[in-house]
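Peer 1: Residue numbers (my numbering): 10 to 344.
C-beta atoms are modelled at their ideal positions from N, C-alpha and C, and glycine is treated no differently.
Note that the structure is predicted; figures quoted are calculated from it, not measured.
Structure incoming, see below.
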């Protein structure tokens, strides 16, 4: 037991911040490496099963947390398949709900809070690492668009199909500034590497960084901050964006240039392979602006990080993980 604890302490400490479907892809591969992983996950989701549970049972949205727990769990695949099982549309009341979402919701009531429920599940699911919801309270994501209009709610913002100018988070009652639990801040400040993404810029990454003490900690940490740039643009959020445009948004929202290194996919995405009807009619490969990234003070790692599957373009978790581990063994790149 002592040797096991000592090994955990000696391992490089990596904090991965995000949400959505991109985060688990990276975590599944990092789990196989000799690193101490902490996943900090957004709780601003208000769509699908998570949104229904959030509205009717007043629980924080469990979906992104569920996927991260599964990605880092060392349980047999059958157990994880049960946890991920989603009821069919013919199942009426349970239609669309994942069993894992219901378990997290039940544990939240039993444990008296969402954060404690997630910590109990990390033990039950034999998670090698730490999984922290960014807040232990409800968050509402707000956006201002380029036309001056504003909307609240992640699902509403995504569906608006308008150019986002800025985002921020508030408590539902707007009577206080939401803050992360101390465990999140401690992990960020003690990390050797902070990884942002991959994931939606405005609805997966920034909702975490807009929690005031999280953004301040990411700017103050001595760890290298690595941003995994998206491969494809997102309709209504990042239309016509280059990789440098993504970083400019992050820097502008936090008020300073804080990203040290950017991972950029340089393998072309074959246009004929992408099913635009399935993945978004307006989705296009993110353009490259290496000079712009350098002017923002970033080291650029341009390589093949692409995986083509299901007629879509995704990050190859193994190739990205290889690069993150390689960077851990190098001196931090300073602006």
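1. Unbroken alpha helix (DSSP H) runs of length 4 or more, entirely within the region 211-256: which are they?
2. What would DSSP say about residue 312, mapped onto helix, strand or coil?
3. From the beta carbon of residue 183, is the nearest beta carbon of chain C less than 8 Å away?
4. Residues in its own chain within less than 8 Å of residue 308 by CB, not counting five upstream and five downstream?
5. Taking one C-beta from the region 308-325 and one from the region 254-265 each time, how about it: are there three or more such pairs within less than 8 Å?
6. Find the nearest neighbour of residue 154 within the set 26, 176, 133, judged by alpha-carbon distance.
7. Helix, strand or coil for residue 159? Go by DSSP, reduced to three states.
8. Residue 162 and residue 172 - do their beta-carbons sit closer together than 8 Å?
9. Quick one: what does DSSP say residue 282 is sitting in, helix, strand or coil?
10. Tell me which same chain residues have a C-beta within less than 8 Å of the C-beta of residue 112, skipping the five on either side of it?
11. Quick check: residue 208 and residue 32, are their CB atoms within less than 8 Å of each other?
12. Can the beta-carbon of residue 110 be found less than 8 Å from the beta-carbon of residue 157?
13. In terms of alpha-carbon separation, which member of 293, 297, 306 lies closest to residue 282?
14. Take residue 267 as the anchor and find which of 288, 245, 278, 218 has the nearest alpha-carbon.
15. On the three-state DSSP scale, how would you describe residue 340?
16. Is the CB-CB distance between residue 143 and residue 223 below 8 Å?
17. Quick one: what's residue 140 bridged to in DSSP?
18. For residue 284, count neighbouring C-beta atoms within 10 Å of its own C-beta (all shown protein chains included) and say buried if the count is 16 or more, exposed if not.
19. How far does the alpha helix (DSSP H) with residue 127 in it extend, from its first residue to its last?
20. Could you tell me whether the region 183-202 touches the region 236-245, using the rule of 3 or more Cβ pairs below 8 Å?
21. Looking at residue 148 and residue 216, is the spacing between their C-beta atoms short of 8 Å?
22. Using 8 Å for Cβ pairs, my map puts residue 221 next to residue 42. What's the rounded Cβ distance?
23. Thinking C-beta only, is residue 77 closer than 8 Å to residue 50?
24. With residue 34 as the anchor, note down where its alpha helix (DSSP H) starts and where it stops.
25. Per the DSSP calculation, residue 151 is bridged to which residue(s)?
26. Please report the distance separating the alpha-carbon of residue 24 from that of residue 202.
27. Cβ of residue 322 within 8 Å of Cβ of residue 241?
28. Counting C-beta neighbours from all protein chains within 10 Å, is the total for residue 86 16 or more, i.e. buried, or is it exposed?
29. Return the CA-CA distance between residue 225 and residue 188, expressed in angstroms with no decimal places.
30. In this structure, how does DSSP classify residue 199 when only helix, strand and coil are distinguished?
Peer 2: If we stick to the structure as given:
1. 215-218, 221-229
2. strand
3. In the structure shown, chain C cannot be found, because there is only a single protein chain.
4. 269, 270, 271, 342
5. no
6. 176
7. strand
8. no
9. coil
10. 92, 130
11. yes
12. no
13. 293
14. 218
15. coil
16. yes
17. 48
18. exposed
19. 123-133
20. no
21. yes
22. Not confirmed; about 32 Å, so no contact.
23. yes
24. 31-39
25. 161, 177
26. 6 Å
27. yes
28. exposed
29. 11 Å
30. coil
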